[in-house]
Each structure stands twice: as structure tokens, then as C-alpha cells.
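Chemist: Per UniProt numbering, the sequence shown starts with residue 1, numbered consecutively.
All C-beta atoms in this analysis are idealised placements derived from N, C-alpha and C, irrespective of residue type, glycine included.
As the structure is a computational prediction, the values presented were derived from the model and not from experiment.
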Amino acid sequence: MSSNSPIHGSSSLSPITSNSPLQGSSSPSPIAATSPPSPDHVCSMSAEFHLSQPIQIEDANVGQKRKTSVVSRMDIACAIIAHEYPLSIVEQFWFKRYFENLQPLFKVPYRHTVKRDVMKIYEAQKVKSMVLLDKLDTSSLLLDGQLFHMRCCAHIPNLIVQDGLAMIVDGISKVRSSVVFLSATPKREQTFREAVRQLKISSTKKVVLNVTTRWNSTYHMLSVALIYKDVFNRFKAIGPLYTSVPTEND
């Protein structure tokens with residue numbers, strides 16, 4: 001690219017606005033897409049939101065630069081929202097180099113600044129959505145809005161699992177006490193391994209203790225305990241202090 005290219009001729013460049021076409025550059029914008037996912041519904045208020053904020057300045061030219069910078073910042077935030085770019089994109093070398101060559105007067109914001117801009121857009125859009133919903137008649141909602149509540153999809157399976165675990169709580173308690181007892185001392189662990197060898201159990205898995213607030217760890221504890229169920233019975237004869245042996249019913 002020659003030095004007479006409009007991109008490098010910073011002295012003849014006017015401030016770039018969000019509606020300005022890119023002249024003299026054959027490279028596509030890093031925040032542009034061939035088929036953008038309709039960002040208008042995401043950031044339809046980008047320029048209006050920021051330009052509505054008071055700008056206290058005296059020089060009209062400086063004011064235009066300030067407005068252009070604010071709008072460009074909002075365009076970056078909207079691009080990140082609409083196209084799901086990472087916030088770190090504004091700190092990447094070639095992204096910053098692109099804007100520096102395009103308009104040296106524009107300073108690419110830091111990602112923390114972009115994060116604040118994204119949150120401002122989110123808060124503004126949330127308020128607009130709430131105002132819109134408040135204006136709607138409840139009769140236009142399903143069942144007059146009586147069931148206008150969305151459950152967390154992960155919470156529902158958790159409730160189902162907890163109901164199932166409640167039916168075998170005694171067995172879980174015995175298995176958990178057994179794991180605690182067998183893992184209490186190195187000597188007990190050695191005795192347990194010896195019992196596994198004598199019963200010719202090929203598994204090398206170790207008994208694990210569950211976390212009471214995580215039902216998947218309870219499943220892991222029970223699945224390993226089933227492998228060593230015969231060892232538990234054998235260990236009862238070896239260790240008289242071992243009283244929490246799971247039964248067949250458990």
C-alpha cells in the first residue's frame with residue numbers, strides 16, 4: 001500500500017462516524033460479517049443512548065470529535081454483543097492497528113471500558129423491555145400471566161434426583177460412613193487393599209467420599225462401593241469397630 005493511500009493520509013481524514021463508508025481500503029472490517037445476525041434488535045439505541053448524554057465542551061470541532069469517539073465506542077460494544085466477540089478483541093494488536101490506520105484520532109478503548117459500555121447497553125435495553133411488558137395487558141400473555149415464571153433447567157433435574165436419593169438415604173449414609181472408616185488410617189487402607197486382592201477383584205478404583213451438596217459425587221461414591229460390596233462384608237470380620245456395613249437391602 002502506497003503512502004498516498006487515504007488510510008495513511010491522516011491529515012486529510014475527517015473523523016469517521018458510525019455511518020461513514022470505508023474509502024480506500026480493500027481489507028474488510030474485523031467487526032464486520034458477511035451476514036450479520038440482525039444486530040439492530042440488539043443495539044438499536046447505541047448512538048441515541050450515548051449522544052443523549054450531556055457533553056460539556058466549548059470548541060465545536062472538539063465536540064464533534066468527542067461525539068464521533070463515543071459513537072464509535074458504542075459501535076464496538078454493539079459488535080461485541082451482536083457477534084459474540086470476546087472483550088479482549090480490543091486489546092489485540094491488529095485490531096488496534098486497524099483503527100490507528102483508519103483514524104489516528106480515535107483511541108481504541110480498553111476492554112474494561114468496553115465491558116462498562118456493554119453493561120450500559122444491557123441495562124438500557126432491560127429497562128425498555130420492562131417498560132414494554134408493563135404496558136402489555138396480562139390477557140395477552142399465556143394464562144393471563146399467572147404462570148409467567150421460568151424454572152432453571154438445571155434446578156429441575158436436581159429436584160428429581162434429590163427425591164430419588166431421599167428413598168435410599170439410609171444406604172447412602174452407611175456407604176459414606178464405611179468410606180470414612182476405611183480411609184481413616186493407612187493401616188485400614190492397606191487391610192482393605194489386601195481384602196480386595198484376596199477376593200480377586202480386578203478393579204483399581206479407590207473408594208471415594210461424596211460431597212453432600214453434589215449428587216453426581218454421590219453417584220460416583222455408590223458406583224465404586226458396588227464394586228467392593230463383598231469387601232465391606234469381609235472387612236466387618238477383620239475390623240470389629242466397623243459397624244456401618246451396608247446390607248443387601250441397602
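In angstroms with no decimal places, state the Cα-to-Cα distance between Met221 and Pro157.
Modeler: By 1-based counting over the sequence shown, the position of residue 221 is 221. By 1-based counting over the sequence shown, the position of residue 157 is 157. One C-alpha to the other measures close to 19 Å.
Chemist: With a threshold of 7 Å on Cβ separation, who are the neighbours of Arg111 within its own chain once the five nearest residues in sequence on each side are excluded?
Modeler: What you label residue 111 is simply residue 111 of the sequence shown in a count that begins at 1. Excluding positions up to five away in sequence, the list reads Leu87, Ser88, Val90 and Glu91.
Chemist: Please report the distance separating the alpha-carbon of Asn249 from that of Ala154.
Modeler: By one-based count along the sequence shown, residue 249 stands at place 249. By one-based count along the sequence shown, residue 154 stands at place 154. Roughly 31 Å separates the two Cα atoms.
Chemist: Which stretch, first to last residue, makes up the alpha helix (DSSP H) that contains Met119?
Modeler: Here the question's residue 119 lines up with position 119 in the sequence shown. It spans Arg111 to Lys135 - the alpha helix (DSSP H) in which Met119 sits, taken as one unbroken run.
Chemist: Would the beta-carbon of Arg176 fall within 8 Å of that of Asn210?
Modeler: If you number the sequence shown from 1, residue 176 lands on position 176. If you number the sequence shown from 1, residue 210 lands on position 210. Using a Cβ distance threshold of 8 Å, Arg176 and Asn210 count as a contacting pair.
Chemist: Take the Cβ of Ala195 as the centre, count every other Cβ of all protein chains shown within 10 Å, and call the residue buried at 16 or more, exposed below.
Modeler: Numbered from 1 along the sequence shown, position 195 holds the residue referred to as residue 195. Under this definition Ala195 is a buried residue.
Chemist: Which whole-angstrom value describes the C-beta separation of Ser69 and Phe106, a residue pair presumed to lie in contact below a C-beta threshold of 8 Å?
Modeler: Translated into positions along the sequence shown, residue 69 becomes position 69. Translated into positions along the sequence shown, residue 106 becomes position 106. Taking the Cβ atoms as the reference, Ser69 lies roughly 6 Å from Phe106, within the contact range of under 8 Å.
Chemist: Just tell me which of Asn233, Thr218 and Phe232 has its CA closest to the CA of Gln162.
Modeler: For this step, residue 162 is matched to residue 162 along the sequence shown. Closest by alpha carbon: Thr218.
Chemist: Report, in whole angstroms, the separation of the C-beta atoms of Lys236 and Val224, which I expect to be a contact under 8 Å.
Modeler: Residue numbering aside, residue 236 sits at position 236 when the sequence shown is read from its first letter. Residue numbering aside, residue 224 sits at position 224 when the sequence shown is read from its first letter. Contact check for Lys236 and Val224: beta-carbon distance about 18 Å, past the 8 Å limit, so the pair fails to qualify.
Chemist: CA-CA distance, Pro186 and Thr247?
Modeler: Looking up residue 186 in the sequence shown gives position 186. Looking up residue 247 in the sequence shown gives position 247. Going by the C-alpha atoms only, they are around 25 Å apart.
Chemist: Residue range of the alpha helix (DSSP H) that Arg193 falls in?
Modeler: Counting from one through the sequence shown, the residue named residue 193 turns up at place 193. That run of the alpha helix (DSSP H) goes Pro186 to Gln198.
Chemist: Label Ile160 either buried or exposed according to how many other C-beta atoms from any shown protein chain fall within 10 Å of its C-beta, with 16 as the threshold for buried.
Modeler: Translated into the one-based positions of the sequence shown, residue 160 becomes position 160. Exposed: under 16 other Cβ atoms inside 10 Å.
Chemist: Among the residues of its own chain, which have a CB less than 7 Å from the CB of Lys96, if the five just before and after it don't count?
Modeler: What you label residue 96 is simply residue 96 of the sequence shown in a count that begins at 1. Closer than 7 Å at the Cβ level, and outside the excluded window around Lys96, lie Val108.
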